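Trainee: Counting from 1, position 188 in the sequence shown corresponds to residue 188 in the UniProt record's numbering; the numbering is continuous, with no gaps. Just so you know, even glycine gets a beta-carbon here, dropped at the ideal spot from N, CA and C. Just so you know, these numbers come straight off a predicted model, no measurement behind them. Sharing a structure here in structure tokens format.
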Amino acid sequence: MDIFQIENNIQKLIDSFSKETFIYNLLLAYDLPKASITRLQKGNLNLSKVKGEISWKKRVFFKEIFDDDLHVTISSLANNIQHEERFVIVTDYETFLAIDTKTQDPPLDIKLKELPKHYDFFLPWAGMEKAQYQNENPADVKAAEKMAKLFDEIKKDNPDNSPEFIHGLNVFLCRLLFCSFAEDTNIFKKNQFTNAIASHTQADGSDLNTYLEKFFEVLNTPEKERGSLPAYLNDFPYVNGGLFREKIRVPIFTRRSRQAIIDNGELDWSIINPDIFGSMMQAVMTPEHRGGLGIHYTSVPNIMRVIEPLFLNDLREAFEKSKEEAKNKGNQKKLNELLHRLETIKIFDPACGSGNFLIIAYKELRKLEMEIYKERRQTMPYSLISLRQFYGIELDDFAHEIAQLSLWLAEHQMNVEFFKQFGCTNPTLPLKEAGNIVQGNACRVDWETVCPKGKNGEIYILGNPPYLGARLLDHDQKKDMELVFKNTVPRYNDLDYISCWFYKASRYLQNINAKSAFVSTNSICQGSQVSMLWPYIISSSEIFFAHQPFKWTNNAKNKAVVTCVIVGLRNFSTQEKLIYSGSFAHSVTNISPYLVDSKNTIVIGRKRPLSILPEMSFGSMPNDGGNLILQSEEEYNSAIANYPEIRPYLRVMYGGQDFLNDEKRYCLWISDEDLEIASKIEFISKRIKLVKEYRETSKREATRKLAKVAHRFGEIRHYETELIVIPATSSENRTYIPIGFLPKGTIVNNSTQAIYFSKPYHLGIVSSKIHMIWVNAISGRLESRIRYSAELSYNTFPFPSISDTQKEEITKCVMRILDEREKHPGKTLKQLYDPEKMPEGLREAHRLNDLVVERCYRSKPFENDEERLEYLFKLYEKMISEE
1 MDIFQIENNI
11 QKLIDSFSKE
21 TFIYNLLLAY
31 DLPKASITRL
41 QKGNLNLSKV
51 KGEISWKKRV
61 FFKEIFDDDL
71 HVTISSLANN
81 IQHEERFVIV
91 TDYETFLAID
101 TKTQDPPLDI
111 KLKELPKHYD
121 FFLPWAGMEK
131 AQYQNENPAD
141 VKAAEKMAKL
151 FDEIKKDNPD
161 NSPEFIHGLN
171 VFLCRLLFCS
181 FAEDTNIFKK
191 NQFTNAIASH
201 TQADGSDLNT
211 YLEKFFEVLN
221 TPEKERGSLP
231 AYLNDFPYVN
241 GGLFREKIRV
251 PIFTRRSRQA
261 IIDNGELDWS
271 IINPDIFGSM
281 MQAVMTPEHR
291 GGLGIHYTSV
301 PNIMRVIEPL
311 FLNDLREAFE
321 KSKEEAKNKG
331 NQKKLNELLH
341 RLETIKIFDP
351 ACGSGNFLII
361 AYKELRKLEM
371 EIYKERRQTM
381 PYSLISLRQF
391 YGIELDDFAH
401 EIAQLSLWLA
411 EHQMNVEFFK
421 QFGCTNPTLP
431 LKEAGNIVQG
441 NACRVDWETV
451 CPKGKNGEIY
461 ILGNPPYLGA
471 RLLDHDQKKD
481 MELVFKNTVP
491 RYNDLDYISC
501 WFYKASRYLQ
511 NINAKSAFVS
521 TNSICQGSQV
531 SMLWPYIISS
541 SEIFFAHQPF
551 KWTNNAKNKA
561 VVTCVIVGLR
571 NFSTQEKLIY
581 SGSFAHSVTN
591 ISPYLVDSKN
601 TIVIGRKRPL
611 SILPEMSFGS
621 MPNDGGNLIL
631 QSEEEYNSAI
641 ANYPEIRPYL
651 RVMYGGQDFL
661 NDEKRYCLWI
671 SDEDLEIASK
681 IEFISKRIKL
691 VKEYRETSKR
701 EATRKLAKVA
711 HRFGEIRHYE
721 TELIVIPATS
731 SENRTYIPIG
741 FLPKGTIVNN
751 STQAIYFSKP
761 YHLGIVSSKI
771 HMIWVNAISG
781 RLESRIRYSA
791 ELSYNTFPFP
801 SISDTQKEEI
811 TKCVMRILDE
821 REKHPGKTLK
831 QLYDPEKMPE
841 GLREAHRLND
851 LVVERCYRSK
861 PFENDEERLE
871 YLFKLYEKMI
881 SEE
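This is the structure we're talking about:
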């Protein structure tokens, strides 16, 4: 059952309200089993014998309250549930209160009649789980800003931009991070590092560099090998682990930069998350350095979107079952087995950057381990989970160092928490080697040499690999693509760089207990990339969870603004598959490469329409260096005033954005027959000469050949008829793509798609919501905008044969749409189709058109967009098979 049906069901429940049946009808509204609800109503399933109470194990505790305070009562009930009831509900049938005992959502506190507006609160009853994401820690962002300020101060005093110095500066900042963290977390004494600088260096900063060089040497020397040292230095412990091993040139300091280090110590670094450290370094690097090395910062909420469905939810479910067995049978076997399972898990990030994913995964496993220890009431004196279970590949050597540092600090944080809980823990110092982080190119390294498979345990591959599009790759990245795909995947040159990670993961998973999940731009699940990449992945594995497109957000400086997906892969299984859409997850039969609930149908671009629609083509391509185009009305008027004889050779011209913004341009349109006469006009002859020169100097042979016909567009697809024009790119936020008619003789360029020899009803079909749904799912993207193409968006669109009567009905709808547009002469199509500001009359005209177009498919109305898309995929399969 979908959410629209649920909302309607609850509205009907309120409209025909009955106290006696309210709770049962509420449960039925979410499609819970009728037989079970009948048993509940008869009392067989009701675990409460108190009148006015309903207790259904793991589902709901419901109580009627008429004399007591609802808010006090529900709090008491929620704190004392005995049968793991998911929802606690109390009501006097005027006010309605509910608590979700599993999440941290605020209680639902509403008037009963408002319940249909809040149907989403109980969606877990319908199998649509609410996703819970951790929020950013504001202290992390503040720390990043402090580090950026310190970097700026140091750079003022040290203008050296050589690679050696920048590397040394980054290592220095890495060490500074450790020391700031250490003095607030009992690795050093409280404020020991900051006080030492404040007390033993000059206020003007002149001797701070030599002091720090000596200080780093001390931290890298075991106590028994130090010899004679001042007490304030000898008091610092031996750190080891390689952090202070490398000799670097410490930068020079001034009063301001020294004070910035001291100010840095005022932060409480004990509450800083190590997973932010990568972002700190990202914030202080130059843009060139950051972009060139591809170091990515992924926020905690986005990381949780990956690791929860990949492995954490499964582990927590196993924990709940183990707890239940220990509680009911007194048997701790399952808890012990789960502990052993945790110490055999391997986490592998083959594009680990500064280690964010590994750190969060490590911390979550340690938290779960502590919960198991509490449940067993029999604690090991130390954690069984080791950093040796964590594997990574990182191209940049400095990010590789940061990843190891961050893992050390995460381990210490969790050891401190372990000590608070149990009074014992693993020692932090001296540091051990941190994880199995390899510096190298993940596209060229054999992943199995980094993270050996083995026969036992389970492996989870995860991360946020680099996103670069096919046309943005440098020479080395193109070579990476060749090494990964050559001889296996044709046309790999048109794939995004991140496809290497998906492909290698699918190969790594085979025949072992392993799964993978990557954050990616949505481009690899749209457009032509689906047919180029996914057949080679789904032949050996399946998508078992997916987050449909969402906006990337975090609190890092210069945060990326992209539309992302998350795709999880595993070997073929009968276990549940989940699609996450917004805050909810719902179980599905299959997840296609388009990340929708359908078969693994791959839509292949076509040269001709699959349906009854006329052919579509690109607009004509000038390829003229701008010399055949008059860019504005003003330029047109000036040319006509000075050369009135050119008027017969000028045409109105639109590009996609011109059409949306109602900004007509003009172009020279000269036939071969008219060339001799037209060339005698000075204005035209100069323009033709410039086009000829532009084309002759091109690197492309095909363009150089066009210099012989410099009077006309490079590619002409124009016909002398009225046409339908569709912008080649359109905002993904629009409900409808703005599409319209242009009169005979109008030229459209290659930033549009055009349908010549069209009928009005064709406009109704391509303007419909159901066509838009297909376009959204199938088309490629330019950034996040829809890239509308004839081959993929239009020619593949499945539309049935229709009668003349149906064509007439659609035509009437089209005329209504055009009439509504005419009522707003001062507004452009871009303004009219702004989803927030679309005039109600135009919106209603489109709604009526949608109803007529959708009746061409079937008489029964579609309930929602998911049902529409599922129907379209089935029809596409049928039409393809019948060709």
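Could you tell me which residues DSSP puts in a beta bridge with residue 588?
Mentor: On the sequence shown, position 588 is the one that residue 588 refers to. DSSP output for residue 588 lists 577 as bridge partner(s).
Trainee: To which residues of the same chain is residue 436 closer than 6 Å at the C-beta, ignoring the five residues directly before and after it?
Mentor: Locating residue 436 in the sequence shown gives position 436, counting from the first residue. Taken in chain order, the residues that qualify are 391.
Trainee: Closest to residue 183 by C-alpha separation, out of 262, 462, 374, would be which residue?
Mentor: Position 183 of the sequence shown, counting from 1, holds the residue named residue 183. Comparing Cα-Cα distances from residue 183 to each of 262, 462, 374, the minimum goes to 262.
Trainee: If we cut at 8 Å on Cβ distances, does residue 196 have a partner in chain B?
Mentor: No chain B is present in this structure, which holds just one protein chain.
Trainee: DSSP state of residue 712, grouped into three classes?
Mentor: As a first step, residue 712 must be located in the sequence shown, where it is residue number 712. In the structure shown, residue 712 sits in coil (DSSP, three-state: anything other than H, G, I, E or B).
Trainee: Taking the beta carbon of residue 363 as the centre, do at least 16 other beta carbons fall within 10 Å, making it buried, or is it exposed?
Mentor: Translated into positions along the sequence shown, residue 363 becomes position 363. Buried.
Trainee: Within the continuous alpha helix (DSSP H) that includes residue 776, where are the two ends?
Mentor: The residue labelled residue 776 in the question sits at position 776 within the sequence shown. Start and end: 769-778.
Trainee: I'd like the list of long-range same chain contacts for residue 179, defined as Cβ closer than 8 Å, with 5 residues on each side in sequence excluded.
Mentor: Working through the sequence shown from its first residue, we reach residue 179 at position 179. Taken in chain order, the residues that qualify are 188, 193.
Trainee: Mapping DSSP to helix, strand and coil, what is residue 8?
Mentor: Taking the sequence shown and counting its residues from 1, one reaches residue 8 at position 8. Three-state result, residue 8: helix.
Trainee: Evaluate residue 13 with the Cβ neighbour count: other Cβ atoms within 10 Å of its Cβ, from every protein chain shown; 16 or more gives buried, anything less gives exposed.
Mentor: Translated into positions along the sequence shown, residue 13 becomes position 13. The residue is buried, with at least 16 neighbouring Cβ atoms inside 10 Å.
Trainee: Can you name, in chain order, every residue of its own chain whose Cβ lies under 6 Å from the Cβ of residue 89, other than the five neighbours on each side?
Mentor: Within the sequence shown, residue 89 is the residue found at index 89, counting from 1. Same-chain partners within the cutoff: 62, 98.
Trainee: Here's the rule: buried if 16 or more other CB atoms are within 10 angstroms of the residue's CB, otherwise exposed. What is residue 292?
Mentor: Here residue 292 is taken as the residue at index 292 of the sequence shown, counted from 1. With a pLDDT of only 34 at residue 292, under 50, the local geometry of the prediction cannot be trusted, and no value is derived from it.
Trainee: According to DSSP, simplified to helix, strand and coil, what is residue 765?
Mentor: Position 765 of the sequence shown, counting from 1, holds the residue named residue 765. Of the three classes helix, strand and coil, the one that applies to residue 765 here is helix, per DSSP.
Trainee: Do you know how far the Cα of residue 490 is from the Cα of residue 532?
Mentor: Here the question's residue 532 lines up with position 532 in the sequence shown. Here the question's residue 490 lines up with position 490 in the sequence shown. Going by the C-alpha atoms only, they are around 7 Å apart.
Trainee: Might you give, ordered along the chain, the residues of its own chain that have their beta carbon closer than 8 Å to the beta carbon of residue 487, omitting 5 neighbours on each side?
Mentor: As a working mapping, residue 487 is identified with position 487 in the sequence shown. Nothing meets the Cβ criterion.
Trainee: Just curious, the alpha helix (DSSP H) that residue 91 is in, first and last residue?
Mentor: Residue numbering aside, residue 91 sits at position 91 when the sequence shown is read from its first letter. Here residue 91 belongs to no alpha helix (DSSP H); instead the beta strand (DSSP E) covers 87-91.
Trainee: Apart from the five residues just before and just after residue 538, which ones in its own chain have a Cβ nearer than 6 Å to its Cβ?
Mentor: For the purposes of this step, residue 538 is identified with residue 538 of the sequence shown, where counting begins at 1. The residues are 600.
Trainee: For residue 448 and residue 350, what's the separation of their Cα atoms in angstroms?
Mentor: Within the sequence shown, residue 448 is the residue found at index 448, counting from 1. Within the sequence shown, residue 350 is the residue found at index 350, counting from 1. Approximately 11 Å, taken between the alpha carbons.
Trainee: Thinking C-alpha only, which one of 778, 830, 780, 764 is nearest residue 856?
Mentor: Residue 856 sits at position 856 when you count from the first residue of the sequence shown. Of the listed residues, the one whose Cα sits closest to residue 856 is 764.
Trainee: Give every residue of the same chain whose Cβ lies closer than 6 Å to the Cβ of residue 882, excluding the five residues on either side of it in the sequence, and list them in chain order.
Mentor: Sequence index remark: in the sequence shown, residue 882 carries index 882 (1-based). None.
Trainee: Report yes or no: do three or more beta-carbon pairs, one from the region 414-432 and one from the region 461-472, lie closer than 8 Å?
Mentor: With the cut-off at 8 Å, the region 414-432 and the region 461-472 do not touch.
Trainee: For my contact list, residue 653 and residue 747 are in at a C-beta cut-off of 8 Å; report their separation, rounded to the angstrom.
Mentor: The sequence position of residue 653 within the sequence shown is 653, counting from 1. The sequence position of residue 747 within the sequence shown is 747, counting from 1. The Cβ separation is near 4 Å, so the contact holds.
Trainee: Determine the extent of the alpha helix (DSSP H) in which residue 752 is found, giving its start and end residues.
Mentor: Counted from its first residue, the sequence shown places residue 752 at position 752. That residue, residue 752, is in no alpha helix (DSSP H); its beta strand (DSSP E) goes 752-756.
Trainee: Look at the alpha carbon of residue 286 and the alpha carbon of residue 59, and state the distance between them as a whole number of angstroms.
Mentor: Taking the sequence shown and counting its residues from 1, the one referred to as residue 286 is at position 286. Taking the sequence shown and counting its residues from 1, the one referred to as residue 59 is at position 59. Residue confidence is low: residue 286 scores 47 on pLDDT, short of 50, so the model does not pin down where it sits. No coordinate-derived value is stated.
Trainee: Please state whether the Cβ-Cβ distance between residue 798 and residue 613 is less than 8 Å.
Mentor: The residue you call residue 798 lines up with position 798 of the sequence shown. The residue you call residue 613 lines up with position 613 of the sequence shown. For residue 798 and residue 613, no; Cβs fall outside 8 Å.
Trainee: Rounded to a whole number of angstroms, what is the C-alpha to C-alpha distance between residue 53 and residue 544?
Mentor: Counting from 1 along the sequence shown, the entry for residue 53 is found at position 53. Counting from 1 along the sequence shown, the entry for residue 544 is found at position 544. Approximately 39 Å, taken between the alpha carbons.
Trainee: In whole angstroms, what is the alpha-carbon distance linking residue 806 and residue 585?
Mentor: As a working note, residue 806 is residue 806 in the sequence shown. As a working note, residue 585 is residue 585 in the sequence shown. Taking the straight line from one Cα to the other gives about 39 Å.
Trainee: What distance in whole Å lies between the Cβ atoms of residue 703 and residue 782, which are believed to be in contact at a cut-off of 8 Å?
Mentor: Position 782 of the sequence shown, counted from the start, is the residue given in the question as residue 782. Position 703 of the sequence shown, counted from the start, is the residue given in the question as residue 703. Going by Cβ atoms, the distance from residue 782 to residue 703 rounds to 23 Å, so no, they are not a contact pair.
Trainee: Judging by CA-CA distance, which residue of 121, 94, 57 is the nearest neighbour of residue 896?
Mentor: Residue 896 is absent from the structure shown; the chain starts at 1 and stops at 883.
Trainee: Mind reading off the beta-carbon distance from residue 569 to residue 579? Whole number of angstroms is fine, and I expect it under 8 Å.
Mentor: The sequence position of residue 569 within the sequence shown is 569, counting from 1. The sequence position of residue 579 within the sequence shown is 579, counting from 1. Not quite, the Cβ-Cβ distance comes to about 14 Å (not below 8 Å), so this is no contact.
Trainee: Could you spell out the range, first to last residue, of the alpha helix (DSSP H) harbouring residue 805?
Mentor: Within the sequence shown, the letter at position 805 stands for residue 805. That run of the alpha helix (DSSP H) goes 804-822.
Trainee: Mind checking whether residue 360 and residue 402 have CB atoms under 8 Å apart?
Mentor: Sequence index remark: in the sequence shown, residue 360 carries index 360 (1-based). Sequence index remark: in the sequence shown, residue 402 carries index 402 (1-based). Cβ distance not < 8 Å, so residue 360 and residue 402 don't count as in contact.
Trainee: Between residue 174 and residue 181, what straight-line distance do the alpha-carbon atoms span, to the nearest angstrom?
Mentor: Taking the sequence shown and counting its residues from 1, the one referred to as residue 174 is at position 174. Taking the sequence shown and counting its residues from 1, the one referred to as residue 181 is at position 181. Cα to Cα, the separation comes out at about 11 Å.
Trainee: Enumerated in chain order, which unbroken segments of the beta strand (DSSP E) with a length of 3 residues or greater are wholly contained in the region 442-502?
Mentor: Fully enclosed beta strand (DSSP E) runs of 3 or longer: 458-463.
Trainee: Once you ignore the five residues that flank residue 431 on each side, which residues in its own chain have a CB closer than 7 Å to its CB?
Mentor: Start at 1 with the first residue of the sequence shown, and residue 431 comes out as number 431. Correct list, in chain order: 239, 240, 241, 243, 408.
Trainee: Taking the continuous beta strand (DSSP E) assigned at residue 638, which residues delimit it?
Mentor: By 1-based counting over the sequence shown, the position of residue 638 is 638. Unbroken run through residue 638 is the alpha helix (DSSP H), 633-642; no beta strand (DSSP E).
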